[in-house]
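Which chain is which? The protein sequence lines are A and B, in order. Residues 132 to 245 (this note's numbering) make up the first sequence, in order. Residues 234 to 512 (this note's numbering) make up the second sequence, in order. Just below is one structure, and these are the notes that go with it.
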Amino acid sequence: MSKALDLITRVRGVRGAMLVSTEDGLVVAEQLMEGIKGGAVAALAASLAGRLGRAMEAAGTGTSVFWHLQAEQGALLVVPGDASGGILVVAVAEPDVNIGLVRLELLRAAEAVV
Amino acid sequence: MADEIRALSAQLAQDPQSLVFLRLGEALRRKGQLDAALRVAVNGLERHPHLADAHDLYARILTDKHDYARAFDEWDMAVRIAPHHTGALKGLAFLYFKVGDVAQAEAHLEQARKVEPDDPSIDQAIVMMRKGAAPPAPEPSAAPSPPAAAVSPAAASSALDEARVFAGLEGANEGLLLIDGAGRVLGGALKDKAGTDVTDAVAAYLAGVSQEAARTAKLLGLGAWMGLSAEGQNGNVHLAHPTPEALLLVVRERGMPLGRLAILAQRATLMARRWLEKQ
Chain A
132 MSKALDLITR VRGVRGAMLV STEDGLVVAE QLMEGIKGGA VAALAASLAG
182 RLGRAMEAAG TGTSVFWHLQ AEQGALLVVP GDASGGILVV AVAEPDVNIG
232 LVRLELLRAA EAVV
Chain B
234 MADEIRALSA QLAQDPQSLV FLRLGEALRR KGQLDAALRV AVNGLERHPH
284 LADAHDLYAR ILTDKHDYAR AFDEWDMAVR IAPHHTGALK GLAFLYFKVG
334 DVAQAEAHLE QARKVEPDDP SIDQAIVMMR KGAAPPAPEP SAAPSPPAAA
384 VSPAAASSAL DEARVFAGLE GANEGLLLID GAGRVLGGAL KDKAGTDVTD
434 AVAAYLAGVS QEAARTAKLL GLGAWMGLSA EGQNGNVHLA HPTPEALLLV
484 VRERGMPLGR LAILAQRATL MARRWLEKQ
């Protein structure tokens, strides 16, 4: 699992990565920079992923493959658990990170986790 | 050139996920086969929606087709994905110059020069522009010159999208939905592919998302959240918050790249904000 996280954290601009259980929002593995409250972020990310996933299914867009939350000073990037056997793959990144590259590594990590 | 196109087409057919579409699209563009190039670029973007080079290719083809508004959006998206993408920076400079915004054009070329200080074409473009001549379009093709009276890309794009977005906010089925913090529908409507009205169901699931996104961003020390883009198997969505409590959802088919969706959502957000202020 740490190998999967290595794939993500080696991307320039990524401040940390986590594997989170979609079922209960608990951290399965993490590589985070100091100061990031992994447990709380995991719980919120899992909750957000659940709501978003259900809304997308209802809207007819199908299962969510990838999403990212853009904020003033960074981004939260997530590959939901359907692709990784109930494990949410999460990255926290700087605002100028290459989103395409992080997305690619998150998807690879999700495959590696399964 | 024809052999190259055949070979690249064969490679792409063998491995549709590969990035060879970038070379094929560019080869077709250079040959002037713009419709074919466009199809290749759009298919590539569907598979690689976050690839800045794909947006750059699409923008160059659109520029050759004189579709400056969409080209502007695509280069803008390329820069959002990869802020140091010099091709996109040069493309934006070219389009800004075309609409007479020399200051923005020069600013974008200066940004490109910071990234690639040894690229002589950037210095040349800056010199040309200061003399009042248009800088060359990035990777120029044999396409005819654009018309002199090109409209502002932003204005043209806005005019194209505004009616649809407005219609959506008025309740038409345009894949736009505006809800309050409790999940009550304020405007717009959503139907699934079967034509069933799913407005209330989606609104209910989204209740509280705005507050949760705000808490997550705050907890991470990321400041205020600005938007949430999501890629689905059959479609893409973008969430924005016109006010701290309200939430705007834009749903489009998967063919629309997330970046373009975000730009559309920005416009819809402005309209929703104005609409909410009038209530």
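Backbone N, C-alpha and C define an ideal beta-carbon position, used for all residues, glycine too.
Q.
Check whether chain B comes within 8 Å of A/R143, counting only Cβ atoms and requiring the distance to be less than that.
A. no
(Q) Distance check for B/R500 and B/A396, CA to CA, integer angstroms please. (A) Note that B/A396 scores a pLDDT of 36, beneath 50, so its modelled location is shaky; the value from the coordinates is reported in the next line. About 11 Å.
Q) Can you tell me whether B/A457 is buried or exposed, with buried defined as 16 or more other CB within 10 angstroms of its CB? A) exposed
Q. B/M489 versus chain C: which residues are under 7 Å apart at the beta carbon?
A. Looking for chain C here will not work: the only protein chains present are A and B.
Q: Output yes if chain A places a C-beta closer than 8 Å to the C-beta of B/W458; else output no.
A: Closer than 8 Å to some Cβ of chain A, the Cβ of B/W458 qualifies, so yes.
Q. If we cut at 8 Å on Cβ distances, does A/L136 have a partner in chain B?
A. no
(Q) Please list, in chain order, the residues of the region 181 to 214 of chain A that have any C-beta partner in chain B closer than 8 Å. (A) R182, L183, R185, A186, M187, A189, A190, G191, T192, G193, T194, S195, V196, F197, W198, H199, L200, Q201, A202, E203, Q204, G205, A206, L207
Q: Would you mind working out which of B/A240, B/L480, B/M361, B/L342 sits nearest B/G414, comparing C-alpha positions?
A: B/L480
Q) Count the other CB atoms within 10 Å of the CB of A/M149; is the residue buried (16 or more) or exposed (fewer)? A) buried
Q: Could you tell me if A/E236 is buried or exposed, where buried requires 16 or more neighbouring beta carbons within 10 angstroms of its beta carbon?
A: buried
Q: At 8 Å on the CB atoms, spell out the chain A contacts of B/A345, in chain order.
A: When 8 Å is used as the limit between beta carbons, B/A345 is near no residue of chain A, the shortest such separation being about 16 Å.
(Q) My parser needs the beta strand (DSSP E) runs of 3 or more residues fully inside the region 153 to 178 of chain A; what are they? (A) 158 to 163
**Q.** DSSP-derived helix/strand/coil call for B/A501
**A.** Of the three classes helix, strand and coil, the one that applies to B/A501 here is helix, per DSSP.
Q. Where do the N-terminal and C-terminal ends of the beta strand (DSSP E) with B/L423 fall, by residue?
A. Segment: none, B/L423 is in no beta strand (DSSP E) and carries neither H nor E.
Q | Beta-bridge partners of B/E464, as assigned by DSSP | A | A/F197, B/N469
Q. What residue range is occupied by the uninterrupted alpha helix (DSSP H) comprising B/V348?
A. Boundaries of the alpha helix (DSSP H) harbouring B/V348: 335 to 348, taken from the DSSP string.
Q | Bridge-paired residues (DSSP) for A/M132 | A | None; A/M132 has no bridge partner.
Q) What's the gap between the Cα of A/G184 and the Cα of B/K264? A) One alpha carbon belongs to A/G184, the other to B/K264, and they sit about 43 Å apart.
Q.
Against chain B, does A/S178 count as a neighbour if the rule is that its beta carbon must be under 8 Å from one of theirs?
A. yes
(Q) Taking 8 Å as the cut-off, does the region 277 to 289 of chain B touch the region 311 to 325 of chain B (at least 3 CB pairs, one atom from each stretch)? (A) Enough Cβ pairs lie closer than 8 Å, so yes.
Q: List the residues of chain A whose Cβ lies closer than 8 Å to the Cβ of B/D425, in chain order.
A: A189, A190, G191
Q: Report, in whole angstroms, the separation of the C-beta atoms of A/I139 and B/L453, which I expect to be a contact under 8 Å.
A: Going by Cβ atoms, the distance from A/I139 to B/L453 rounds to 15 Å, so no, they are not a contact pair.
Q. Would you report the Cα separation of B/V348 and B/Q337, rounded to the nearest angstrom?
A. 17 Å
(Q) Assuming B/R487 and B/E279 are in contact, meaning their beta carbons sit under 8 Å apart, how far apart are those beta carbons, in whole angstroms? (A) Beta-carbon to beta-carbon, B/R487 and B/E279 are separated by about 6 Å, close enough to satisfy the 8 Å threshold.
**Q.** Residues of the region 261 to 283 of chain B with Cβ closer than 9 Å to any Cβ of chain A, in chain order
**A.** H281, P282, H283
Q) So with Cβ pairs under 8 Å, would you call B/G258 a contact of chain A? A) no
Q. Going by the C-beta, is B/F327 closer than 7 Å to any heavy atom of the ligand PLP?
A. Ligands are entirely absent from the displayed structure, and the ligand PLP is therefore not among its contents.
Q: Sort A/G212, A/G147, A/V245 by Cα distance to A/E165 and report the nearest one.
A: A/G147
Q: Could you pull the start and end residues of the beta strand (DSSP E) that A/L207 belongs to?
A: Segment 205 to 210, the beta strand (DSSP E) holding A/L207.
Q: To the nearest angstrom, report how far apart B/F327 and B/P368 are at their CA atoms.
A: 6 Å
Q | Cα-Cα separation between A/K134 and A/V245, rounded to whole angstroms | A | 13 Å
(Q) Under 9 Å, CB to CB, which of the residues in the region 163 to 175 of chain A have a partner in chain B? (A) Listed in sequence order: G166, I167, K168, A171, V172, L175.
Q: Step through the CB atoms of chain B and report whether any lies within less than 8 Å of the CB of A/G156.
A: no
Q: Please compile the residues from chain A whose C-beta is within a distance smaller than 7 Å of the C-beta of B/T226.
A: A query on residue 226 of chain B cannot be resolved here, the shown segment of chain B reaching from 234 to 512 and no further.
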